[in-house]
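Chains as they are written, first to last, in my numbering: chain A, 417 to 690; chain B, 673 to 927.
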Amino acid sequence: MRHPEPIRDPATAVRLFFILVSVFLLWPLGVATEFRPWALFESESIQATVRFLGTFWPIADDPAFLRLIARETWRTVAMATVGISLALVLAIPLSLIAARVLSLSGLTGTMDRVPFWIRQSVRWVLIVLRSIPELVWALVFVRVVGLGPTAGVLAIALTYAGMLGKVYAEILESADQHSSRTLLRNGSSRMQAFFHSLLPTCAAELTSYTVYRWECAIRSSVVLGFVGAGGLGQEMDNSMKMFAGAEVATMLLVFIGLVALADRASATIRRVIG
Amino acid sequence: MRTQAWGVLTALLCLVIASFATTDLQWQGFLSVEAFASMGRFLGEFVPPETSPEFIQKVLLGAWETLAMSVLGTLLAALLGMLLAILGSQNRTEAFAWARTPVQWLLNALRAIPELVWASLLLISAGLGPFAGTLALALHTAGVLGRLYAEALENAPTGPALALKAQGVGSGRIFLYATLPTILPQVMSYTLYRWENNIRAAAVLGVVGAGGLGQLLAFHLSLFQMHKTATVLLGMIGMVACVDALSQQLRKRLT
Numbered sequence: 417m418r419h420p421e422p423i424r425d426p427a428t429a430v431r432l433f434f435i436l437v438s439v440f441l442l443w444p445l446g447v448a449t450e451f452r453p454w455a456l457f458e459s460e461s462i463q464a465t466v467r468f469l470g471t472f473w474p475i476a477d478d479p480a481f482l483r484l485i486a487r488e489t490w491r492t493v494a495m496a497t498v499g500i501s502l503a504l505v506l507a508i509p510l511s512l513i514a515a516r517v518l519s520l521s522g523l524t525g526t527m528d529r530v531p532f533w534i535r536q537s538v539r540w541v542l543i544v545l546r547s548i549p550e551l552v553w554a555l556v557f558v559r560v561v562g563l564g565p566t567a568g569v570l571a572i573a574l575t576y577a578g579m580l581g582k583v584y585a586e587i588l589e590s591a592d593q594h595s596s597r598t599l600l601r602n603g604s605s606r607m608q609a610f611f612h613s614l615l616p617t618c619a620a621e622l623t624s625y626t627v628y629r630w631e632c633a634i635r636s637s638v639v640l641g642f643v644g645a646g647g648l649g650q651e652m653d654n655s656m657k658m659f660a661g662a663e664v665a666t667m668l669l670v671f672i673g674l675v676a677l678a679d680r681a682s683a684t685i686r687r688v689i690g
Numbered sequence: 673m674r675t676q677a678w679g680v681l682t683a684l685l686c687l688v689i690a691s692f693a694t695t696d697l698q699w700q701g702f703l704s705v706e707a708f709a710s711m712g713r714f715l716g717e718f719v720p721p722e723t724s725p726e727f728i729q730k731v732l733l734g735a736w737e738t739l740a741m742s743v744l745g746t747l748l749a750a751l752l753g754m755l756l757a758i759l760g761s762q763n764r765t766e767a768f769a770w771a772r773t774p775v776q777w778l779l780n781a782l783r784a785i786p787e788l789v790w791a792s793l794l795l796i797s798a799g800l801g802p803f804a805g806t807l808a809l810a811l812h813t814a815g816v817l818g819r820l821y822a823e824a825l826e827n828a829p830t831g832p833a834l835a836l837k838a839q840g841v842g843s844g845r846i847f848l849y850a851t852l853p854t855i856l857p858q859v860m861s862y863t864l865y866r867w868e869n870n871i872r873a874a875a876v877l878g879v880v881g882a883g884g885l886g887q888l889l890a891f892h893l894s895l896f897q898m899h900k901t902a903t904v905l906l907g908m909i910g911m912v913a914c915v916d917a918l919s920q921q922l923r924k925r926l927t
């Protein structure tokens, strides 16, 4: 049965009130971010945008440039891979130290004071490593080791060691602890308990998370190029500074392709291993 | 299955070896005693952090700017993402069927390009400053949220929408009063999650000149004013830690 006339939303007044209040609250945020959308449509900035976008087509496709891009793309992937490998070298021991499941004194009630503080301080180290963005690490390392991939690799290694270490410890702690506790109670060492009980149960989850982070690292290694760590990002930055739109367009396409490829590869690997 | 897994592992191992072989890592640049000494000297220059009230005020202002960028960027992204999700999701009305594929491509492109790359592209039309950063966050996040919203729309129960449709209600009002309320909890949790991410992203966007704490950091680091850099870094770490703790508490409450 249809209503004789359309009924009005009974909550109209309330909704309007909340919309007005939120606009009022958003005002200071707009001021802080110098939010002036109309500045985008001033003739000057429109001209600059149109001029820059106009150079995007035709995209740059001379063989020498494409060769350079291929080399830099590989560099980006290699930087991410080496970074993640070094991050693993740091993260595995740190997460083993931090994991509360592998505590011997924790088996009988509370952990002893010394092991508790060791675990807690490793946790703090992981938090600090993770809470400094990789771009900041890269900025600092560029000052110490100079321009080039080393700074990028170190930045990825440290940030991702923090992320991987924390999540590994969490995965180990959330696993079923029955078998590891049984092993520890019956006198096996912590490493034996890890290799024979925790690792087999968590292996799929651990690899899956690592591969996912590798995919993220590829994205961040492009960004790190912007502060001088080499690879696709650095070329992109150079081309943008010279307003070479055609080169920027090619690199953006290559980058989108690379991200899609890494996405696909990581999904396949996780499906096969997980 | 087993052979497939071994194949994948071998391929990964080859990738790692090839990567190490082709990256000219300067091991002695960061693993030698000399390197540690120079790193130590470098870190020593950070101490003590600048604590003059004027500078602290400047850092706090930068933190506020970063926070504002992330909030506004996420809000804009939620609006744009919802619009694109409606056009790009599978089971919408047939009126916009032609738009589905191009919109999905647009979402992919928006998502694939990182915030920082968007920021450096946008500097040309929006100029230096936090506005470019806000727009950059909004564009990248719109791509991420658009895809998540589209999935939520596709999985939403169709009962309420069909009931209204049978009554002859227009599709706009069906969306507002039937579809949107059913997916709202999911939309809120996705948006909050991205907002948390965006605070971190906003903190570094300034490195390419897009405002906030990152701009202060890049500025003082390039002038080798290490004490001031240290204060900015501490401010950044403090902000990220606060947001993490807050969101963890919120999540505990909500779940």
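Glycine included, each C-beta is placed from N, C-alpha and C at the ideal position.
Look at V841 of chain B here: in three-state DSSP terms it is coil, with no helix or strand label. By a beta-carbon distance limit of 8 Å, G907 of chain B contacts A735 of chain B. Their separation comes to about 6 Å. With a threshold of 9 Å between beta carbons, G446 of chain A makes contact with chain B.
Of all residues in the stretch 624-644 of chain A, only R635, V638, V639, F642, V643 come within less than 7 Å of chain B when Cβ atoms are compared, listed by chain position.
Sequence-distant Cβ neighbours of S792 of chain B in its own chain, meaning closer than 6 Å and more than five residues away, are V880. Assigned with DSSP and collapsed to three states, P426 of chain A falls in coil, not helix or strand. With 16 or more neighbouring CB atoms inside 10 Å of its own CB, A740 of chain B falls in the buried class.
Boundaries cannot be given for M527 of chain A, as no alpha helix (DSSP H) includes it and DSSP labels it neither H nor E. For Q650 of chain A, same chain residues with a beta-carbon under 6 Å away, outside a window of 5 residues either side, are G641 in chain order.
Distance check between T813 of chain B and each of B:A917, B:M754, B:T723 places B:M754 closest, using alpha-carbon atoms only. Between the alpha carbons of R772 of chain B and L820 of chain B lies a distance of about 15 Å. Contact annotation: R845 of chain B and G815 of chain B have beta-carbon atoms that are not nearer than 9 Å. What W490 of chain A touches in chain B, judged by beta-carbon distance under 8 Å, is T694, going in chain order. Nearest to R452 of chain A by C-alpha distance, out of B:L811, B:F803, B:L893, is B:F803. In the three-state scheme derived from DSSP, where H, G and I count as helix and E and B as strand, S919 of chain B is classed as helix. For the stretch 665-676 of chain A, the set of residues with a beta-carbon nearer than 8 Å to any beta-carbon of chain B comprises L668, F671, I672, V675, A676, in chain order.
Against P802 of chain B, the close residues of chain A are A448, T449, E450, F451, in the order they occur along the chain (beta-carbon pairs closer than 9 Å).
It is roughly 6 Å from the alpha-carbon of F692 of chain B to the alpha-carbon of V498 of chain A.
Below the 7 Å Cβ cutoff, chain A contributes no neighbours of Q897 of chain B, its closest Cβ being approximately 13 Å away.
Between A875 of chain B and P549 of chain A, the beta carbon gap of about 6 Å places them in contact (Cβ cut-off 8 Å).
Taking 9 Å as the CB threshold, V544 of chain A lines the interface with chain B.
With 16 or more neighbouring CB atoms inside 10 Å of its own CB, D653 of chain A falls in the buried class. Exclusion of the five residues before and after R535 of chain A leaves A514 as the residues of its chain whose Cβ lies within less than 6 Å of its Cβ.
The C-beta separation of S547 of chain A from P531 of chain A comes to about 25 Å, leaving the pair out of contact by the 8 Å criterion. A straight line joining the alpha-carbon of Q608 of chain A with that of N602 of chain A spans about 11 Å. Collapsing the DSSP output to three states places E550 of chain A in a helix. If you check each beta-carbon in the stretch 697-721 of chain B against every beta-carbon of chain A, the ones closer than 7 Å belong to L697, Q698, G701, F702, S710, M711, F714. Q676 of chain B belongs to the set of residues whose beta carbon lies under 9 Å from a beta carbon in chain A. From the beta-carbon of W736 of chain B, the residues of chain A found nearer than 8 Å are A448. Chain order gives the chain A residues near A875 of chain B as P549, where near means a beta carbon separation below 7 Å.
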